[in-house]
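**Q**
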Amino acid sequence: MAEERKESLNFIEQIIEEDIKSGRNNGKILTRFPPEPNGYLHIGHAKAICINFETALKYGGSTNLRFDDTNPTTEDTEYVESIQEDIRWLGFVWKGEPLYASDYFGQLYDFAVKLIKKGLAYVDDSTPEEIANMKGTPSEPGKDSPYKSRSVDENLELFERMKNGEFEDGSRVLRANVNMASPNMLMRDPIIYRIKKEHHHRTGDVWCIYPMYDFAHGQSDSIEGITHSLCSLEFIHHRPLYDWFIEKLEIFPSRQKEFARMNVEYMITSKRKLLKLVNDGLVNGWDDPRMPTISGMRRRGYPAQAIRVFCDKAGVAKRENTIEINLLEACVREELNKTAIRAMVVLDPVKVIITNYPEDKTEDLTADNNPEDPNAGNRVLTFGRELYIEREDFMENAPPKYFRMTTGADVRLKNAYILHCTGVDKDAEDNIQTIYATYYADSKSGEDVSGIKPKGTLHWVSATDALSCEIRMYDRLFTVPDPTFDENIDFLEFYNNESLKILNHAKMESSLKNSMPGTQYQFLRQGYFCTDADSTPGHIVFNRTVGLKESFSKEVRK
RNA sequence: UGACCCAUGGUGUAAUGGUAACACUCCGGUUUUUGGUACCGUCAUUCUAGGUUCGAGUCCUAGUGGGUCAACCA
């Protein structure tokens, strides 16, 4: 008998379930993701994408992708492509072809004419300054424009002439006739059409007037039959206007519901600030692995599934929130632990010579590709007399709980033998040059009869077989969780100069020689890494996605 | 001197008038040929004051605190 588990719903799902129960729209659910094609998608968009697509999916509905391209000045086809790529990469499928608000310019124009005929819109000849001055302030009502009382016929004629290009940019606008005394600034006769004699990325030079957001978004929702228009909280003041247009135009009643957008520690989503990072060369482009862009996270090695799980776990509500970066990293590790191929790479190598191992001998050893996944198979490692281990895995005068290599002690080499450290060579500056050890021939992995149980296990590579590679160690972009917490301090003050450290002397096991860009690995005891697109056949580059959880370093800090 | 939205552990999110829970973090432990994983455990929560009610995190009022709104941007 299945235990009945009460599943908790977020407030949007509750609304939808009530709608379904009451038979609204015959239970049909259609959402939309409406990006403006004027920039790259970031973590905040990922959240909006997840909410819109997953909510629809959950209730057997679907989601439209609609480009909100009503401002020809800022928009470009370049972004139309990257946005689609990012959504697909996240694993979502929109309904049919991508849609464009610009496809509705004709209908939108007709809607405006309808409004004029109902006496609900008028052409205003005021200058932008005059309009701003008449707008009032949040605590003072606005004043009616002297043009508000124009006749329907005159408005009709002027609006048509605006469309025909008879007037200069900025000389006239079409405004909705709502209420200049409304406490809601957006209801104070909002501008709904402006003159812009500019080339549009899709409609070319057909139009020289373009609708504003408020006169395009809701109507586009309505035209498409969107049932639930899910957007972030800052649009809440637009809702009365959204509803007003639908009511006056007598069109399909889409409804807007607002959720709080998601903030994440150490990430910023301001387009202006991200652009600043790019322009100042503090990151290497929009897809730099430190960037909170979807393309950046992809290059960093964050799996799409991890980002989706993260957005789910962050939840949906209406209060301001900042999600800890810990949660994102936990989701990334959880996913990668299941899927990433294991490999051994020594980031900061120091040589070990096994003095009782024959000089000309090598052995093939087998290693699991992923202990979490029996189907991942295994691979061959070459073992020999000379190896590299991690410099930090050796300590001459080790503290009691140090389980790694130290003189006189035993330590296991992963998938290989147990070593007994016998001594070291140092240079004039006291730096360790070479570590000497003996091995226990009967301690081979899988057939160990030595009876020795070392506390620690180290990763290693064969000195003769290993290949050099480049490792890019990425860390958080900022030194504080919220670099914008004080508007008087430039956020670049908190740029983390150590957000990227390049290691040029790392040694990788030879199985990684032909690694393809995008492949994700767990480098044993180091973290998760992925092959970067900058890799060439003779020079493999790895990005550190995220480190492993590390309890030893915490121990040391005590 | 306006309107609107919000307030639950460190961080998020549930609890839909009836025992405040889940995840992540932190801390501790067991297992481990990754100081990883897995598993177990500990600490810790309803902004304040009134009111309604047998009973309030939930409903009402006021206060406090936070956020948002005055682009021919979206």
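Quick note on numbering: the first sequence equals residues 145 to 702 in the numbering used here.
We treat Cβ as the ideally placed atom computed from N, Cα and C, and that holds for glycine.
Source: prediction; values computed, not measured.
#1: Between the C-alpha atoms of Ser-697 and Ile-579, what's the straight-line distance to the nearest angstrom?
#2: May I ask you to report which of helix, strand or coil DSSP gives Ala-256?
#3: Check for me: the beta strand (DSSP E) holding Val-267 runs from which residue to which?
#4: On the criterion of 16 or more Cβ atoms from any shown chain inside 10 Å, does Lys-191 qualify as buried, or is it exposed?
#5: So, Ile-231 versus Leu-209, is the Cβ gap smaller than 8 angstroms?
#6: Can you tell me which residues form a DSSP beta bridge with Asn-522?
#7: Have a look at Pro-181, Arg-332, His-564 and Thr-199 and flag the residue whose alpha-carbon is nearest the alpha-carbon of Asp-213.
#8: Could you give the DSSP three-state label for Cys-352: helix, strand or coil?
#9: If you drop the 5 nearest sequence neighbours on each side, which residues of the same chain put their C-beta closer than 6 angstroms to that of Lys-415?
#10: Taking the alpha-carbon of Arg-688 as reference, which of Ala-553, Pro-433, Cys-565 and Arg-316 has the nearest alpha-carbon?
#11: Whole angstroms are fine: how far does the CA of Phe-629 sit from the CA of Ser-366?
#12: Counting beta carbon pairs with one atom in the region 244-254 and one in the region 294-301, are three or more of them shorter than 8 angstroms?
#13: Apart from the five residues on each side of it in sequence, which residues of its chain come closer than 8 angstroms, Cβ to Cβ, to Lys-693?
#14: Would you decide whether Arg-529 is buried or exposed? Buried here means 16 or more other CB atoms lie within 10 Å of its CB.
#15: Roughly how many angstroms lie between the CA atoms of Thr-526 and Asp-504, to the nearest whole one?
#16: Which residue marks the beginning of the beta strand (DSSP E) containing Pro-493, and which one marks its end?
#17: Quick test of the definition: if touching needs 3 or more C-beta pairs under 8 angstroms, does the region 369-385 touch the region 271-280?
#18: Beta strand (DSSP E) containing Leu-318: first to last residue?
#19: Measure the CB-CB distance between Arg-535 and Asp-492 and report whether it falls below 8 angstroms.
#20: Give the DSSP bridge partners of Cys-674, in chain order.
#21: Where does the unbroken alpha helix (DSSP H) through Thr-199 begin, and where does it stop?
#22: Please report the straight-line C-alpha distance between Met-329 and Tyr-618, rounded to a whole angstrom.
#23: Could you tell me the boundaries of the beta strand (DSSP E) in which Gly-240 lies?
#24: Helix, strand or coil for Tyr-248? Go by DSSP, reduced to three states.
#25: On the DSSP bridge assignment, give the partners of Gln-449 in chain order.
#26: Figure out for me which residue from Leu-531, Gly-521, Asn-470 and Asp-626 has the closest Cα to the Cα of His-603.
#27: Gly-425 by DSSP, collapsed to three states: which one?
#28: Give the range of the beta strand (DSSP E) segment to which Trp-388 is assigned.
#29: Tell me whether the region 505-516 and the region 553-564 touch, counting them as touching only if at least three CB pairs, one residue from each stretch, are closer than 8 angstroms.
#30: Report the three-state DSSP secondary structure of Ile-646 (helix, strand or coil).
#31: Just how far apart, CA to CA, sit Glu-147 and Phe-155?
#32: Are Asp-554 and Pro-598 touching if we call contact CB-CB under 8 angstroms?
#33: I believe Leu-472 touches Val-408 by the beta-carbon criterion, under 8 angstroms. Please report the beta-carbon distance rounded to the nearest angstrom.
#34: Does the contact criterion of 3 or more C-beta pairs under 8 angstroms hold for the region 318-332 versus the region 251-267?
#35: Go to Ile-633, then tell me how far its alpha helix (DSSP H) extends in each direction, as first and last residue.
#36: With a threshold of 16 other CB atoms inside 10 Å of the CB of Thr-371, please say whether the residue is buried or exposed.
**A** Let's see:
#1: 23 angstroms
#2: helix
#3: 265-268
#4: buried
#5: yes
#6: Asp-512
#7: Pro-181
#8: coil
#9: Gly-183
#10: Pro-433
#11: 39 angstroms
#12: no
#13: Arg-477
#14: buried
#15: 13 angstroms
#16: 493-498
#17: no
#18: 317-320
#19: yes
#20: Gln-664 and Asn-687
#21: 187-202
#22: 45 angstroms
#23: Neither: Gly-240 is in no beta strand (DSSP E) and is coded neither H nor E.
#24: helix
#25: For Gln-449, which the question treats as bridged, DSSP gives no partner whatsoever.
#26: Leu-531
#27: coil
#28: Element bounds for Trp-388: not the beta strand (DSSP E) but the alpha helix (DSSP H), 383-393.
#29: yes
#30: strand
#31: Because Glu-147 sits at a pLDDT of 39, beneath the cut-off of 50, its placement in the model cannot be relied upon, and the point is left open.
#32: yes
#33: 6 angstroms
#34: yes
#35: Premise fails: Ile-633 is in no alpha helix (DSSP H) and is neither H nor E.
#36: buried
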